Structures are given as structure tokens and as C-alpha cells.
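The structure under discussion appears below in the form of C-alpha cells.
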Amino acid sequence: MLGRLERVSFPNWNLYGLDAKIDTGAFTSSLHCHHIEMDHDQESVSFYLLDPGHPEYEKRKFRSRIRDIRSIRSSNGQIEDRVIIATKMELGGTLYPVELSLTDRTDMKYPVLIGRRFLRRRFVVDVSRSYITEKQMNRGE
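For any residue, its number in the working numbering is found by taking its place in the sequence shown, counting from 1, and adding 21.
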């Protein structure tokens, strides 16, 4: 079970305890980043995660192989082509493979959005609660 908000980590990038919005209305999970640049061969992408004001921002440039480029409808209804990458995400003490679309979420409150593709057949969401996995881990469940 997940709440409407949970904390996630990306150990491959040494990023821990990021707030994530669990969004059953979104199909694809997304990650806030900026200066997204595809290499000339379009097989890999470089980007900066988060904003300079975020406590986890370290001016580090990240690189990842491109899994796909998909047309995705954003929260404001606009369709945009986004780069999709694959990585590992820790949630509730378990490491999961996850696909993430890279997008500028500056105007959004949470840097990570977890969508239905990731949630499907794994989790039930209780929208009346938050940080359920954290509380379960603290109780040793």
C-alpha cells in the first residue's frame, strides 16, 4: 500500500529521500530535470536533476541511455515528446526498475511523479494517507 506522497531514492545517482507524488491519473512516471540534451547519436542523454534551490542539487550533470522517446500529455493538456530513461528506484526499502520521462517540473510541487505503469500490479494507493512506506519501515513491517 502507498499513500498519495512517498519518499523515493535513486541509489545509482546518490539521490535519497526525494518526495514523490503518487499519481494514478498519470500513465508514465516522470522526473524533474533541466538542460536535457540528447547526444548526436540520440542513444544517450545528459541532464541536471532538480533545481539549484533544492537541498539535493549538487550541480552534477547526469547521463543515461535513452530507452525511448514518447509523446506524453502533460498535466496542462499539452502533448510533448519526452525522453524516457530506465533506472532503479528505491521505495519502501525495495529496489525496483522504473522508466522515467525527463521533464521540467519547475512549476510542480514534487520532483518525482509515479504513474500507473509503475504502480500496476504492485501497489494499492490510499489517497487519504502519505508516507505509508516510511511509517511501515519505522515499525519494522
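All C-beta atoms in this analysis are idealised placements derived from N, C-alpha and C, irrespective of residue type, glycine included. Note that the structure is a prediction, hence the values are computed from the model and not measured.
Within the chosen definition, does the region 43-58 reach the region 128-148 through at least 3 CB pairs nearer than 8 Å? yes
Any heavy atom of the ligand GDP closer than 8 Å to the beta-carbon of M129? The model on display carries no ligand, and the ligand GDP is accordingly not part of it.
Over what stretch of residues does the alpha helix (DSSP H) that includes F83 continue unbroken? Looking at the DSSP string, F83 is not in any alpha helix (DSSP H); the run it does join, the beta strand (DSSP E), is K82 to R86.
With distances taken Cα to Cα, identify the nearest neighbour of V148 among T45, K80 and S122. T45
If the criterion is Cβ atoms closer than 9 Å, does the pair F31 and E111 meet it? yes
Taking the beta strand (DSSP E) that F144 belongs to, which residues open and close that run? Taken as a continuous stretch (DSSP letters only), F144 belongs to no beta strand (DSSP E), as it is neither H nor E.
Just confirm the distance between the C-beta atoms of S92 and I100, as a whole number of angstroms; I'd bet it's less than 8 Å. 5 Å
Excluding sequence positions up to five away, which residues of its chain have a Cβ less than 7 Å from the Cβ of F48? G136, R137 and R138
Taking the beta strand (DSSP E) that F31 belongs to, which residues open and close that run? L26 to F31
C-beta contact flag for E27 and I153 at 9 Å: yes
Within its chain, find whatever has a CB closer than 6 Å to the CB of A107; leave out the 5 residues flanking it on each side and keep chain order. R88 and E120
On a Cα-Cα basis, can you pick out the residue from S95, Y69 and G24 that is closest to L169? The chain is shown only over 22 to 162; residue 169 falls outside these bounds and no answer can be derived.
Determine the burial state of T172: buried for a count of at least 16 other Cβ atoms within 10 Å of its Cβ, exposed for fewer. Only positions 22 to 162 of the chain appear in this structure, which leaves residue 172 out of reach.
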